[in-house]
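The sequence shown begins at 336 in my numbering and counts up by one. Where is the CB? At the ideal position from N, CA and C, for every residue including glycine. Please read all numbers here as calculations on a predicted model, not as lab measurements. Worksheet: one structure, shown below.
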Amino acid sequence: MAVDLAAHVRDFLSPRLPPAARLCVGYSGGLDSSVLLHILADLRGQLGYALAAVHVHHGLAAEADAWAAHCAAQCDRLGVPLSVRRVAVGRHGHGLEAAARAARYQAYRDQAADFIVLAHHRDDQAETLLFRLLRGAGVHGLAAMAAERADPAGRLLRPLLAIPRADLAAYAREHGVAHVDDASNGDLALTRNWLRHTVLPELESRFPASRVVLARTAEQLAESAGLLDDLAAADLARCGDTDGLRLAALATLAPARARNLLRYWLHRQAGVLPGRAWLAEAMAQLLDAGTDRQPELALGEWRLRRRHGLAVLVAPGPETAPERFWQGEPELDLGGRGRLRFEPALGDGLAAGCLAGQAVRVGWRAGGERLRPDCRRPGRTLKNLLREAGIPADQRGQLPLLFVGDRLAWAAGLGVDCACQAGPGAPGWLISWCPPGR
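Spelled out as structure tokens, the structure:
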């Protein structure tokens with residue numbers, strides 16, 4: 336029997352939402368996000384939150400404009416403000432699927448919301464686990480998607496993660512929820528589609544509960560990942576130093592436990608998650624290299640070194656790049672660092688009034704910068720904000736920063752400083768960064 340989806344979402348959200356919370360739903364126009372939007376619109380009165388939606392226009396399909404128009408019409412009917420964000424997706428690097436996902440999450444981070452609500456469901460969770468398993472992920476990767484996690488956009492919530500897609504389809508039929516169908520979802524050249532349409536049905540023919548089991552396994556692995564982090568935190572208290580890890584103490588741990596501590600410490604310090612082979616090589620060089628040697632291992636733009644009995648992580652130095660000044664143009668070229676796009680808005684983005692009489696400069700990290708993207712929290716260093724945002728260490732020096740006078744007003748991936756955010760109804764500028772090649 337299908338679950339009462341509205342009651343399920345209500346029970347998921349109620350203990351998590353503060354009064355007058357701002358929710359933004361990622362809305363593609365497909366079945367899953369259309370059902371979620373319909374439910375969230377119905378629950379506004381009960382739970383007292385403000386609801387908006389964001390549609391990410393990838394520009395990859397001939398129907399992309401029609402999908403955006405459909406989303407605008409549905410949001411207008413439901414009385415939900417919609418932001419359509421156009422992004423350029425590179426067809427290189429980690430692949431088209433990964434690039435499109437990265438562009439979506441960047442668009443989510445640019446929204447003025449306390450919570451970003453996404454429509455991933457149990458079938459998505461099963462596919463994610465299988466996909467990562469086949470790519471050789473470890474325990475933390477196999478934990479797959481979390482129902483709730485921190486993000487610079489606010490917190491990501493996935494209230495439908497325990498619900499099978501069949502229940503969403505039944506809800507759409509019962510309530511007449513209009514949605515679009517993306518023909519590319521049937522393209523078996525895309526790995527996730529191949530898993531969804533070929534591998535999982537074959538598994539279900541032999542193991543009918545395979546999607547349920549895979550999703551449950553992801554939950555169990557998430558618990559295991561949490562326990563590994565707890566163990567690493569306890570080991571860090573014993574082996575850590577203000578400047579690094581004490582190698583003599585690290586050497587007393589069993590090899591697997593030592594690798595777990597090193598992984599945890601590197602992720603805390605630099606936001607990177609090295610693979611098992613890299614960790615094994617790092618342990619060998621840190622502990623076994625002769626005293627006359629100074630081993631150094633590259634980790635993106637970071638360097639792991641042995642120094643005075645410690646493992647120390649050396650941050651990438653500030654990169655030289657030409658500054659740019661913005662003078663109101665819709666797009667600003669950053670000289671090999673991509674482009675910034677500026678879209679006028681009301682009640683959102685960088686306040687136009689904040690710019691009056693000020694030079695608006697685009698620069699790069701030099702160290703020590705602070706930002707306050709959440710007005711309910713104190714300002715913090717960019718280093719800490721970017722690390723919490725999960726932005727890879729080797730990408731942080733590439734992120735453009737926008738200064739109004741001497742004040743840091745906006746950072747790619749983090750958003751607008753509280754002091755410069757447009758108030759309700761006030762003119763503002765939505766800023767988005769297009770990295771090189773996109």
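CA-to-CA distance, GLY575 to ALA746, given in whole angstroms: In the sequence shown, residue 746 corresponds to position 411, counting from 1. In the sequence shown, residue 575 corresponds to position 240, counting from 1. In this structure, the CA atom of ALA746 is about 31 angstroms from the CA atom of GLY575.
Touch test, the region 689-705 against the region 453-462, Cβ-Cβ under 8 angstroms, three pairs minimum: The region 689-705, when compared against the region 453-462, does not touch it at the 8 angstroms Cβ threshold.
Reduced DSSP category for CYS359 - H, G, I as helix; E, B as strand; rest coil: Counted from its first residue, the sequence shown places residue 359 at position 24. Residue state, collapsed to three classes: strand.
Beta carbon of ALA680 nearer than 8 angstroms to that of GLY758: As a working note, residue 680 is residue 345 in the sequence shown. As a working note, residue 758 is residue 423 in the sequence shown. Against a cut-off of 8 angstroms, the Cβ pair of GLY758 and ALA680 comes out as no contact.
Sequence ranges, beta strand (DSSP E) only - wholly within the region 567-624, length at least 3: Counting only runs of 3 or more residues that sit fully inside the region 567-624, the beta strand (DSSP E) segments are 579-581, in chain order.
N- and C-terminal bounds of the alpha helix (DSSP H) containing ARG640: Within the sequence shown, residue 640 is the residue found at index 305, counting from 1. Counting along the chain, ARG640 falls outside any alpha helix (DSSP H), though it belongs to the beta strand (DSSP E) covering 637-642.
Stretch-stretch touch, CB-based, cutoff 8 angstroms, three pairs: the region 485-504 with the region 344-351: Touching, yes.
Opening and closing residue of the alpha helix (DSSP H) in which ALA403 lies: Your numbering for residue 403 matches position 68 in the sequence shown. It spans 399-413 - the alpha helix (DSSP H) in which ALA403 sits, taken as one unbroken run.
Spatial distance of ARG484 from ALA724 (CA atoms): Numbered from its first residue, the sequence shown carries residue 484 at position 149. Numbered from its first residue, the sequence shown carries residue 724 at position 389. Within the model, the alpha-carbon separation for ARG484 versus ALA724 is close to 10 angstroms.
Residues that CYS755 bridges to, as DSSP identifies them: As a working mapping, residue 755 is identified with position 420 in the sequence shown. Answer is none; CYS755 lacks a bridge partner.
C-beta contact flag for ILE498 and LEU340 at 8 angstroms: For this step, residue 498 is matched to residue 163 along the sequence shown. For this step, residue 340 is matched to residue 5 along the sequence shown. ILE498 places its beta carbon less than 8 angstroms from that of LEU340.
Whether ALA376 touches VAL415 by CB criterion (8 angstroms): One-based indexing of the sequence shown puts residue 376 at position 41. One-based indexing of the sequence shown puts residue 415 at position 80. Cβ atoms of ALA376 and VAL415: closer than 8 angstroms.
Opposing strand residues paired with LEU393 [DSSP bridges]: The count along the sequence shown starts at 1 and reaches residue 393 at position 58. Reading off the sequence, residue 393 comes out as His, not Leu. The partner list for HIS393 (beta bridge, DSSP) is empty, contrary to what the question assumes.
Sequence-distant residues of the same chain with beta carbon closer than 7 angstroms to THR552, five excluded per side: One-based indexing of the sequence shown puts residue 552 at position 217. The residues LEU464, in chain order, have a CB closer than 7 angstroms to that of THR552 in the same chain once the five nearest residues on each side in sequence are set aside.
Per-residue DSSP class, three states only, for THR716: In the sequence shown, residue 716 corresponds to position 381, counting from 1. In the structure shown, THR716 sits in a strand (DSSP, three-state: E or B).
Same chain, Cβ closer than 8 angstroms to ALA288, neighbours up to 5 away in sequence not counted: A question about residue 288 goes unanswered here, because the residues of the chain that appear run from 336 up to 773.
For GLY428, the three-state DSSP class (helix, strand or coil): Your numbering for residue 428 matches position 93 in the sequence shown. With a pLDDT of 46 at GLY428, under the threshold of 50, the modelled position of that residue is not reliable, and no figure is offered here.
TYR506: CB within 7 angstroms of a non-hydrogen atom of the ligand GDP: With respect to the ligand GDP, the structure shown offers nothing to examine, as it has no ligands at all.
Proximity of GLY714 and ARG700 at Cβ, strictly below 8 angstroms: Taking the sequence shown and counting its residues from 1, one reaches residue 714 at position 379. Taking the sequence shown and counting its residues from 1, one reaches residue 700 at position 365. No, the Cβ-Cβ distance between GLY714 and ARG700 is not below 8 angstroms.
Spatial distance of ARG546 from SER540 (CA atoms): The sequence position of residue 546 within the sequence shown is 211, counting from 1. The sequence position of residue 540 within the sequence shown is 205, counting from 1. When rounded, the distance between both Cα atoms is 11 angstroms.
Check whether ALA589 and LEU648 have beta carbons under 8 angstroms apart: Locating residue 589 in the sequence shown gives position 254, where the first residue counts as 1. Locating residue 648 in the sequence shown gives position 313, where the first residue counts as 1. No, Cβ-Cβ distance for ALA589 and LEU648 is not below 8 angstroms.
Minimum C-alpha distance to ALA583 - residue among ALA646, LEU535 and CYS410: The residue given as residue 583 occupies position 248 in the sequence shown. Answer by Cα proximity: ALA646.
Backbone secondary structure at PRO653 - three-state DSSP: Here the question's residue 653 lines up with position 318 in the sequence shown. Confidence in PRO653 is poor, its pLDDT being 47 and thus under 50, which makes the residue's placement unreliable; the coordinate value appears in the next sentence. Here PRO653 sits in coil by DSSP.
Beta-carbon spacing of LEU549, ALA461 below 8 angstroms: Your numbering for residue 549 matches position 214 in the sequence shown. Your numbering for residue 461 matches position 126 in the sequence shown. Their beta carbons are under 8 angstroms apart, which means LEU549 touches ALA461 by this criterion.
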